[in-house]
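Protein chains in written order, with full-length UniProt numbering: chain R, 1 to 350; chain W, 1 to 272.
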């Protein structure tokens, strides 16, 4: 627990100096999967990781990746004390890597279009853009997901060998590859299904929050934000420390409370936060706007808990202020294009 | 005195002595928790899980129950007993385990796929018996581990969740699956003891416990069927607790005395 200047408590995991965190503005996500590919090519293009997406973008409403991960259990009970049992996904729920007819099209002069050969019956974001609702009021939005580097991670508790641990310096959750014996209790235990089993290495692997980048291990020794954040075309991610009082993360999460957690009822206390989607209102048959929200509030509550209501109300108020020509710190933070404001990763460097 | 009663008493005494030797062998082949170790001289045959030499080695039936570890499904185990046989040559100690398993699980290539596995646990320092649950920090255990998906491992553990691979292992394993039954042979050189490796000599017994995992039941880690502590009878004996022989001898002497007193009593009654 650390005390902030504004008198609010920022709850950090015990023994953690600072907690690295991310805020993703879902209003900016265009579903281009650039973050997915940035992560994939950076970290998960090795053997046994073909099916793994440490970062993925799924369409909501939708089954997600792995399929129906929200139904698989894991996390903690209501008191946040006892772990609740979870399931291991089937490999089909992740989607097997597809074979494409590259050889025929590229080298053998086939007139066939380039396409998967077989097994193409499920994959990450298979239900892309389907969403829900009826024309003209159908709706969907994109949900980018990485490991939440939770304050109370159930994967860490699930491992009987303590092979998963939360780093003292920044709260990043890692798998010690030497200690892991591939039991997969962490895969069961994570309610977000963000730990993966590498069948080739017989160990579990997961998002490392690009810690070599935030440690400045790059070629120029520069501190860089995670690849998924830096490579995002609409720049929807802010990265910093939850306990950096001057940073946008602290302000959006703790001060204005417009950034909310995904499935807070799992009680792992994620450190990835979302600005909820603020869709245009519904339309009548003739195309006129009507006084009804396009994305049902109860669906957003299912995803983000009851706090989403106040978050959306605050955003609406702040938008109105800007429309009136007044100043809004919230909207400034959410619309800045200055990376120095978006990424504050060196504030605690000594 | 007539010689017939004396003869009868002698026959009875002989019968008692014969019973003393034969009955324990018939009723219980060996003391509880003993796994006999047979001296053998055919290492090639012992190296094979189906080797001919193993037909000459008596096996102990060892009951198993769930280890009760605090992992999800920790009590959900399926293998209820394992047969354990042991042999030694001048160079190596062999332990063969065999158990029934209706499914042969040798893969770990899918997120929901777990291999069948078996382990033998020995105290790293055989002079004190460690806690059955993977030993403890100050009293560690050696574990010989095999599973159907990859090579065997020699491990050191100082409590649950602490297994660490021992380097320079000279552990050898061989396994077969036939007729719904796994047979797995572990062997280790008698020499090669170190601070963290069990000393095996021919002069003292060594404690041993075993564990079996059924992969198709998704058993792994602490979700396993385990035995109590047994011992490999490497010491010189005696075979069985001495009080057994003492009791039989006392009973024999009592029977002979009772018989003689009865005969004498009958004779006096008849006024002979």
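For glycine and all other residues, C-beta sits at the position ideal for the given N, C-alpha and C.
query: Name, please, each residue of chain W whose Cβ falls closer than 7 Å to the Cβ of residue 195 (chain R).; result: Here the premise fails: no neighbours, minimum Cβ distance about 11 Å.
query: Would you please verify whether the beta carbon of residue 67 (chain R) is less than 8 Å from any beta carbon of chain W?; result: no
query: Tell me whether the region 133-145 of chain W and the region 155-163 of chain W touch, counting them as touching only if at least three CB pairs, one residue from each stretch, are closer than 8 Å.; result: yes
query: How would you list, in chain order, the residues of chain W whose beta-carbon sits under 7 Å from the beta-carbon of residue 182 (chain R)?; result: 108
query: As an exercise, report each continuous beta strand (DSSP E) stretch of at least 3 residues that is fully enclosed by the region 311-335 of chain R, in chain order.; result: none
query: Could you tell me which of W:227, W:221, W:101 sits nearest to residue 181 (chain R), measuring between CA atoms?; result: W:221
query: Under 7 Å between beta-carbons, which chain W residues line up against residue 187 (chain R)? List them in chain order, please.; result: 111
query: Identify whether residue 250 (chain R) lies in helix, strand or coil by the three-state DSSP scheme.; result: helix
query: Can you grab the Cα-Cα spacing for the pair residue 233 (chain W) / residue 47 (chain R), in whole Å?; result: 47 Å
query: For residue 241 (chain R), count neighbouring Cβ atoms within 10 angstroms of its own Cβ and tell me buried if that reaches 16, exposed if not.; result: buried
query: Which residue from W:141, W:148, W:85, W:191 puts its Cα closest to that of residue 156 (chain W)?; result: W:141
query: Would you mind reading off the limits of the alpha helix (DSSP H) that contains residue 230 (chain R)?; result: 227-230
query: By the three-class DSSP mapping on this structure, what secondary structure does residue 4 (chain R) have?; result: Because residue 4 (chain R) sits at a pLDDT of 47, beneath the cut-off of 50, its placement in the model cannot be relied upon, and the point is left open.
query: Give me, in chain order, the residues of the same chain whose beta-carbon lies closer than 6 Å to that of residue 236 (chain R); leave out the 5 immediate sequence neighbours on both sides.; result: 24, 25, 28, 29
query: Residue 131 (chain W) CB to nearest chain R CB: under 8 Å?; result: no
query: Round the Cβ separation of residue 57 (chain R) and residue 31 (chain R) to the nearest angstrom and send it over; I've been treating them as touching at under 8 Å.; result: 6 Å
query: Taking Cβ-Cβ distances below 7 Å as the criterion, which residues of the region 201-227 of chain W are in contact with chain R?; result: 220, 221, 222
query: Scan the region 67-94 of chain W for residues whose Cβ lies nearer than 7 Å to a Cβ of chain R and list them as they occur along the chain.; result: 71, 72
query: Considering only C-alpha positions, which residue in the set R:152, R:125, R:184 is nearest to residue 89 (chain R)?; result: R:184
query: Is the beta carbon of residue 82 (chain W) closer than 8 Å to that of residue 210 (chain W)?; result: yes
query: In angstroms with no decimal places, state the Cα-to-Cα distance between residue 178 (chain R) and residue 339 (chain R).; result: 36 Å
query: What residue range is occupied by the uninterrupted alpha helix (DSSP H) comprising residue 172 (chain W)?; result: Per DSSP, residue 172 (chain W) belongs to no alpha helix (DSSP H); it is in the beta strand (DSSP E), 172-178.
query: Output needed in chain order: residues of the region 141-168 of chain W with a Cβ under 8 Å from some Cβ in chain R.; result: 149, 150, 160, 161, 162, 163
query: What does the alpha-carbon distance come out to for the pair residue 181 (chain W) and residue 55 (chain W)?; result: 16 Å
query: Helix, strand or coil: which one does DSSP assign to residue 266 (chain W)?; result: helix
query: Return the CA-CA distance between residue 38 (chain R) and residue 118 (chain R), expressed in angstroms with no decimal places.; result: 26 Å
query: If you measure from the beta carbon of residue 4 (chain R) to each beta carbon in chain W, is any gap under 8 Å?; result: Annotation note: pLDDT 47 at residue 4 (chain R) (below 50); position unreliable, no value reported.
query: For residue 276 (chain R) and residue 195 (chain R), what's the separation of their Cα atoms in angstroms?; result: 25 Å
query: Which value, in whole angstroms, describes the spacing of the CA atoms of residue 104 (chain R) and residue 111 (chain R)?; result: 9 Å
query: How about residue 175 (chain R) and residue 205 (chain R): do their beta carbons lie closer than 8 Å?; result: yes
query: Out of curiosity, what's the CA-to-CA distance linking residue 269 (chain W) and residue 15 (chain W)?; result: 28 Å
query: Could you tell me which of R:106, R:121, R:83 sits nearest to residue 98 (chain R), measuring between CA atoms?; result: R:121
query: According to DSSP, is residue 238 (chain R) part of a helix, a strand, or is it coil?; result: strand
query: Residues in the same chain with beta-carbon distance under 6 Å from residue 347 (chain R), minus the five sequence neighbours each way, listed in chain order, please.; result: 244
query: Can you give, in chain order, each stretch of the beta strand (DSSP E) that sits fully within the region 11-81 of chain W and has at least 3 residues?; result: 34-39, 59-63
query: Would you please verify whether the beta carbon of residue 199 (chain R) is less than 8 Å from any beta carbon of chain W?; result: yes
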